[in-house]
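Engineer: Take this structure, written in structure tokens, and hold onto it; I'll ask about it next.
There are 2 protein chains.
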Amino acid sequence: MPKVSLSQVLNESTLFSLLTKEQKQKILNNSTHLRYKKGETICKQGAFANHIIVITEGLAKTYLEGSNDKNLIINILKPVSWIGLSSTYNEITYNFTAATIIDSSICFIEKTVFTDILLENNEFSNDIIGRLCNDSKHFFNKITSLGNKQLHGRFADALLYLSKNVAKSPSIDLSITRKEIGDLAGISTESAIRLLSELNHDGIIKLEGKKITILKENLLEKLSKIG
Amino acid sequence: MPKVSLSQVLNESTLFSLLTKEQKQKILNNSTHLRYKKGETICKQGAFANHIIVITEGLAKTYLEGSNDKNLIINILKPVSWIGLSSTYNEITYNFTAATIIDSSICFIEKTVFTDILLENNEFSNDIIGRLCNDSKHFFNKITSLGNKQLHGRFADALLYLSKNVAKSPSIDLSITRKEIGDLAGISTESAIRLLSELNHDGIIKLEGKKITILKENLLEKLSKIG
DNA sequence: CGCGAGCTTGACGTTGTTCAACTAGAGTGG
DNA sequence: CCACTCTAGTTGAACAACGTCAAGCTCGCG
Chain Z
1 MPKVSLSQVL NESTLFSLLT KEQKQKILNN STHLRYKKGE TICKQGAFAN HIIVITEGLA
61 KTYLEGSNDK NLIINILKPV SWIGLSSTYN EITYNFTAAT IIDSSICFIE KTVFTDILLE
121 NNEFSNDIIG RLCNDSKHFF NKITSLGNKQ LHGRFADALL YLSKNVAKSP SIDLSITRKE
181 IGDLAGISTE SAIRLLSELN HDGIIKLEGK KITILKENLL EKLSKIG
Chain P
1 MPKVSLSQVL NESTLFSLLT KEQKQKILNN STHLRYKKGE TICKQGAFAN HIIVITEGLA
61 KTYLEGSNDK NLIINILKPV SWIGLSSTYN EITYNFTAAT IIDSSICFIE KTVFTDILLE
121 NNEFSNDIIG RLCNDSKHFF NKITSLGNKQ LHGRFADALL YLSKNVAKSP SIDLSITRKE
181 IGDLAGISTE SAIRLLSELN HDGIIKLEGK KITILKENLL EKLSKIG
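In order, the protein sequence lines correspond to chains Z and P.
Every letter in the first sequence is one number past the one before it in the working numbering, and letter 31, counting from 1, is 31.
Every letter in the second sequence is one number past the one before it in the working numbering, and letter 86, counting from 1, is 86.
Here it is in structure tokens:
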């Protein structure tokens, strides 16, 4: 059902480039590759974590569930990426929820296979260490944003993240809802909306439906710094 | 100057138990081991990160610097622990500040030596992966606390962290200031003080100078869950 | 053409920070 | 040994920042 075959992903993505042919084959034999519709839950915070997850097509988010529908989005993930690697490896349960934002394809690799490969392939282990460290940098940004900044700073952080890390363009066209922008910034949906129209009015961003274009990145950076 | 010798630490701490004799020697030859007074800065957010840091005696904190003296404490670290491992490995600069809370001994290992060992010792690499994943679990808790909870929930999280992860006892006697408790919970010093005396008054904790004893852990857990 | 989900805006209330004043205790120098 | 200073702790009151609530709107889809 997925449009890309898993073996193609294994051979082409940089995630797997350090693996041997045999190791790729082992993954191929011990994983499932499924098509998900927009909005479906990929894995659920608190559920048993028996798989390492990779997104191969589409767009997904990982988030922490709060009470009364107030979630905190940690990552927006484009293919091909590990999903929540840092908290699946030696955890019994997932400590985050992941869901698709648009129709997507997701690969589930049996955890035992993954850990076996880590034990036999040191280059791969070191690559994973590097990725985990990168993740932690992102967590630090997140913690700074939530803990040390208020509305404007947090919101700027969210927009800059979407632009730099996800869209990789000043133009953010990801079919993300206003609620998701709020959840990403750690603010209410209404505040996100207010800030969007405020920045739009001030000519710092341009709104066209769901598409957001950053016009003055340096001003957003400044907002992020001021907090 | 440190009371424990580095070679003793290398041989006795579980941090290094997977290393060969030669690798330990290599570390011994390429590191410094220094005594720090209370309150001194160990490494500074933004400075070049050429060392992997270990605390061998005393007590330290890692934190993210905010504007106007409002810091966010990430970890309180007892010996023997890696300090900020997750963000020193493949970073050019430290993205956190570390400082001592009481007189302490700190070991700085040259980063190149550390990465060399990672390349040649796969068991050690996998141990590090496990530790990084554990760290990320802590980050998730932190993000949930800051993003999804208010005053009482955050404060309960901070106390529970101090009790369970640092003191490893219901009695928290770490010579930590009220400001540091606030910085750990992501709330103002005044709020921390108010909550301490409130919980003290309600018989949930007991205050004796700087010592805090948790009397009703289950109630704190409840506060943490409610948010 | 109608329905519903997502979006938008304004008014209001709560939460928690900030400011200011005061106290206690620990360290310092005369 | 005592006065002095400086830091940490404490308390109350005022204010600002944001979330919440309510109402209406818009757009896409059936």
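All C-beta atoms, glycine included, are put in the ideal place defined by N, C-alpha and C.
None of the values given here were measured: they were computed from a predicted structure.
Out of 50(Z), 51(Z), 59(Z) and 130(Z), which one is the CA nearest neighbour of residue 38(Z)?
Structural biologist: 59(Z)
Engineer: List in chain order: all unbroken alpha helix (DSSP H) runs of 4+ residues lying wholly within the stretch 14 to 91 of chain P.
Structural biologist: 21 to 29
Engineer: Does any residue of chain P bring its CB to less than 9 Å from the CB of residue 46(Z)?
Structural biologist: no
Engineer: Give me the chain Z residues within the contact set of residue 91(P), using Cβ-Cβ distance strictly less than 8 Å, ordered along the chain.
Structural biologist: 133 and 137
Engineer: How would you list, in chain order, the residues of chain Z whose beta-carbon sits under 8 Å from the beta-carbon of residue 143(P)?
Structural biologist: 64, 72, 74, 139, 142, 143 and 146
Engineer: Taking Cβ positions, are residue 112(P) and residue 171(P) nearer each other than 9 Å?
Structural biologist: Their beta carbons are not under 9 Å apart, which means residue 112(P) does not touch residue 171(P) by this criterion.
Engineer: For the alpha helix (DSSP H) containing residue 183(Z), list its first residue and its last residue.
Structural biologist: 178 to 185
Engineer: Can you confirm whether the stretch 120 to 137 of chain P touches the stretch 127 to 138 of chain Z when touching is taken to mean that 3 or more C-beta pairs between the two stretches lie within less than 8 Å?
Structural biologist: yes
Engineer: Given a cut-off of 9 Å, decide if residue 96(P) and residue 119(P) are closer than it, judged by their beta-carbon atoms.
Structural biologist: no
Engineer: Using CA atoms only, rank isn't needed, just tell me which of 80(P), 29(P), 183(P) and 136(P) is closest to residue 155(P).
Structural biologist: 183(P)
Engineer: Using a Cβ cut-off of 7 Å, which residues of the stretch 187 to 202 of chain Z contact any Cβ in chain P, in chain order?
Structural biologist: none
Engineer: Please confirm whether residue 179(P) has its beta-carbon closer than 9 Å to some beta-carbon of chain Z.
Structural biologist: For residue 179(P), the answer is no, since every Cβ of chain Z falls outside 9 Å of its Cβ.
Engineer: Thinking C-beta only, is residue 179(Z) closer than 9 Å to residue 192(Z)?
Structural biologist: yes
Engineer: So if I threshold CB-CB distances at 8 Å, which residues from the stretch 94 to 107 of chain Z count as touching chain P?
Structural biologist: 95 and 96
Engineer: Which bits of chain Z does residue 11(P) rub up against, with CB to CB less than 9 Å?
Structural biologist: Ordered by position in chain Z, no residue passes the 9 Å Cβ test against residue 11(P), which lies about 24 Å from the chain.
Engineer: Do the stretch 47 to 59 of chain Z and the stretch 100 to 116 of chain Z meet, that is, are 3 or more Cβ pairs less than 8 Å apart?
Structural biologist: Contact holds: three or more Cβ-Cβ distances are below 8 Å.
Engineer: In chain P, which residues lie with their C-beta within 8 Å of the C-beta of residue 83(Z)?
Structural biologist: Ordered by position in chain P, no residue passes the 8 Å Cβ test against residue 83(Z), which lies about 13 Å from the chain.
Engineer: Less than 8 Å between the CB atoms is what I'm expecting for residue 72(Z) and residue 93(P), so what's the real figure, rounded?
Structural biologist: Their Cβ separation, rounded to whole angstroms, is 27 Å, which puts residue 72(Z) and residue 93(P) out of contact at 8 Å.
Engineer: Which stretch, first to last residue, makes up the alpha helix (DSSP H) that contains residue 111(P)?
Structural biologist: 111 to 120
Engineer: For residue 261(P), does the three-state DSSP call read helix, strand or coil?
Structural biologist: This structure cannot speak to residue 261(P), because chain P is shown only from 1 to 227.
Engineer: Can you find the residues in the same chain that come closer than 8 Å, C-beta to C-beta, to residue 26(P), ignoring five residues on each side of it along the sequence?
Structural biologist: 113, 116 and 117
Engineer: Go through its chain and collect everything with a Cβ distance to residue 46(Z)'s Cβ below 6 Å, but skip five positions before and after it.
Structural biologist: 93
Engineer: Mind checking whether the beta-carbon of residue 188(P) lies closer than 8 Å to any heavy atom of the ligand SAH?
Structural biologist: In the structure on display, the ligand SAH does not appear, and there are no ligands present to speak of.
Engineer: Please name the residues in the stretch 110 to 129 of chain Z whose beta-carbon is closer than 9 Å to at least one beta-carbon of chain P, in chain order.
Structural biologist: 115, 118, 119, 120, 121, 122, 123, 125, 126, 128 and 129
Engineer: State yes or no: is the beta carbon of residue 67(P) nearer than 9 Å to at least one beta carbon in chain Z?
Structural biologist: yes
Engineer: Residue 223(Z) and residue 166(Z) - do their beta-carbons sit closer together than 9 Å?
Structural biologist: no
Engineer: Is there a Cβ of chain Z sitting closer than 9 Å to that of residue 86(P), yes or no?
Structural biologist: yes
Engineer: Under 9 Å, do residue 36(P) and residue 88(P) count as touching if we go by C-beta distance?
Structural biologist: The beta carbons of residue 36(P) and residue 88(P) sit no closer together than 9 Å.
Engineer: Starting from residue 213(P), follow its DSSP beta bridges and name the residues at the other end.
Structural biologist: DSSP links residue 213(P) through a beta bridge to 171(P) and 206(P).
Engineer: I need the straight-line Cα distance from residue 208(P) to residue 194(P), nearest angstrom please.
Structural biologist: 15 Å
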